[in-house]
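Chemist: Please read through the structure below; I'll follow up with questions.
Numbering (our numbering), first residue to last: 4 to 335.
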């Protein structure tokens, strides 16, 4: 992720699995991009069919029950919740901190450009994976236009590298306090119209591998949805560029939810970086910033820019988190 000082924190708004041993017991459940930039076509995950027409799911499954209606015809819950991953759901720890993901960057750059490079060669907090690839290559003297031409090849190499080593996907990652409990609570609210997805700078194929390795994948709404680094890259290395890219991903997640004929009264995005907060505001979502990454409350709050949102110390208190999502009343 990348964060650099910005002359205006509101710039982004104006420019608009194995289960972790620490996890509680799980209940089994059935399984417009911006005008400028690079939009990457989505591919089905390896080995998975996108045709669900022949899969008959039990009507009693909590995620499939019809949501209760109010007199106005709307679901009483109806909230779309999207999470960032690194620094929000989990943190990097120890000498092996986020090792598989970092090694995937090095592997992709070596495979395509025959360069030995590391993601740690550049500041990257808050940046999407494609933007990090471009920044690392620029740092090593590769022209941006040349790097952009091979961006899809590098992304493909990263995903293949990670998916061939899924047993190590959780190495150097630690679940942040309260995240598992909050996701479990949100999953139980699926019959009330609550949908949960990801908006992250991770490539999609890597994001879901991490969720599976951490034992969290069953808590996300099926079919899965979100906005991912593999969907879009605007090629702007500044902090405003990182926020703009993420705002596009927040909008893409909402578009994909609409494509499934889901409705909601509000969209809440949870993230730990200024780019996450600014992106939510720019995309018209409610921003919930969390001080569980490398940024402080003082660094996150200015990016609310008068938009709807709040900054929390963490997600450790499920009741506080549900209150910030305006869901405590129906969760009780």
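Even glycine gets a Cβ: it sits at the ideal position worked out from N, Cα and C.
#1: Which residues in the same chain have their Cβ closer than 7 Å to the Cβ of residue 257, if we skip the five residues on either side of it in sequence?
#2: Buried or exposed: where does residue 68 fall if 16 or more other Cβ atoms within 10 Å of its Cβ makes it buried?
#3: Using CA coordinates, which residue listed in 203, 161 and 273 is at the minimum distance from residue 115?
#4: Just grab the DSSP bridge partners of residue 291 for me.
#5: Counting only the same chain and skipping the five closest in sequence on each side, list residues whose C-beta sits under 6 Å from that of residue 274.
#6: How far does the alpha helix (DSSP H) with residue 254 in it extend, from its first residue to its last?
#7: Report yes if the CB atom of residue 230 is closer than 8 Å to the CB atom of residue 253, and no otherwise.
#8: Measuring alpha carbon to alpha carbon, tell me which residue in 129, 192 and 216 is nearest residue 332.
#9: Does the structure place the stretch 313-332 close enough to the stretch 290-298 that three or more beta carbon pairs sit under 8 Å?
#10: For residue 145, which of helix, strand or coil comes out of DSSP?
#11: Per DSSP, residue 82 forms a beta bridge with which residues?
#12: Leaving out five residues on either side along the sequence, give the residues of the same chain with a beta carbon under 6 Å from the beta carbon of residue 227.
#13: Pull up the CB-CB distance for residue 200 and residue 85, whole angstroms please, since I reckon it's below 8 Å.
#14: Please check the pair residue 276 and residue 143, which I expect to be a contact at CB under 8 Å, by giving their CB distance rounded to whole angstroms.
#15: Between residue 111 and chain D, is any beta-carbon pair separated by less than 8 Å?
#16: Going by Cα to Cα distance, which pick from 180, 307, 155 and 154 is closest to residue 324?
#17: Ignore the nearest five residues each way along the sequence and tell me which others in residue 306's own chain have a CB closer than 6 Å to its CB.
#18: At the level of alpha carbons, what is the spacing between residue 224 and residue 198?
#19: Return helix, strand or coil for residue 94, following the three-state DSSP convention.
#20: For my contact list, residue 234 and residue 255 are in at a C-beta cut-off of 8 Å; report their separation, rounded to the angstrom.
#21: List in chain order: all unbroken alpha helix (DSSP H) runs of 4+ residues lying wholly within the stretch 108-194.
#22: Secondary structure at residue 222, three-state DSSP: helix, strand or coil?
#23: Given a cut-off of 8 Å on the beta-carbon distance, is the pair residue 309 and residue 283 in contact?
#24: Suppose you measure from the CA of residue 164 to the CA of residue 335; what does that come to, to the nearest Å?
#25: Are residue 148 and residue 268 touching if we call contact CB-CB under 8 Å?
#26: Report the rounded CA-to-CA distance for residue 329 versus residue 289, giving the unit in angstroms.
#27: Helix, strand or coil for residue 299, going by three-state DSSP, please let me know.
Modeler: In brief:
#1: Only residues of its own chain outside the window of five on either side were considered, and among them 83 and 270 have a CB closer than 7 Å to the CB of residue 257, listed in chain order.
#2: Because the pLDDT of residue 68 is 40, which lies under 50, any placement of that residue in the model is unreliable, and the number read from its coordinates should be weighed accordingly. With fewer than 16 other Cβ atoms from the protein chains shown falling within 10 Å of its own Cβ, residue 68 counts as exposed.
#3: Put simply, of 203, 161 and 273 the residue whose alpha carbon is nearest the alpha carbon of residue 115 is 161.
#4: Bridge partners of residue 291: 273 and 313.
#5: Once the five neighbours on either side are set aside, the close Cβ partners of residue 274 are 87 and 91.
#6: Boundaries of the alpha helix (DSSP H) around residue 254: 242-262.
#7: With a cutoff of 8 Å on beta-carbon distance, residue 230 and residue 253 are scored as near each other.
#8: Ranking the options by Cα distance to residue 332, first place goes to 192.
#9: The answer is yes - the stretch 313-332 touches the stretch 290-298, with three or more Cβ pairs under 8 Å.
#10: In the structure shown, residue 145 adopts coil according to DSSP, grouped into three states.
#11: DSSP lists 197 and 269 as the bridge partner or partners of residue 82.
#12: Cβ within range, chain order: n/a, list empty.
#13: Confirmed, about 5 Å.
#14: Taking the Cβ atoms as the reference, residue 276 lies roughly 25 Å from residue 143, outside the contact range of under 8 Å.
#15: Within the model displayed, chain D is absent; a lone protein chain is all it includes.
#16: With distances taken between CA atoms, residue 324 lies nearest to 180 out of 180, 307, 155 and 154.
#17: Excluding sequence neighbours, residue 306 sits near 12, 277, 280 and 281.
#18: Cα-Cα distance, rounded: 6 Å.
#19: The answer is strand: DSSP assigns residue 94 an E or B state.
#20: Taking the Cβ atoms as the reference, residue 234 lies roughly 6 Å from residue 255, within the contact range of under 8 Å.
#21: Here the runs fully enclosed are 132-142, 147-152, 154-166 and 182-191.
#22: Residue 222 sits in a helix when the DSSP states are folded into three classes.
#23: No, these two residues do not count as a Cβ contact at 8 Å.
#24: A direct Cα-Cα distance of roughly 43 Å separates residue 164 from residue 335.
#25: Their beta carbons are not under 8 Å apart, which means residue 148 does not touch residue 268 by this criterion.
#26: Going by the C-alpha atoms only, they are around 11 Å apart.
#27: Secondary structure at residue 299: coil, using DSSP grouped into helix, strand and coil.
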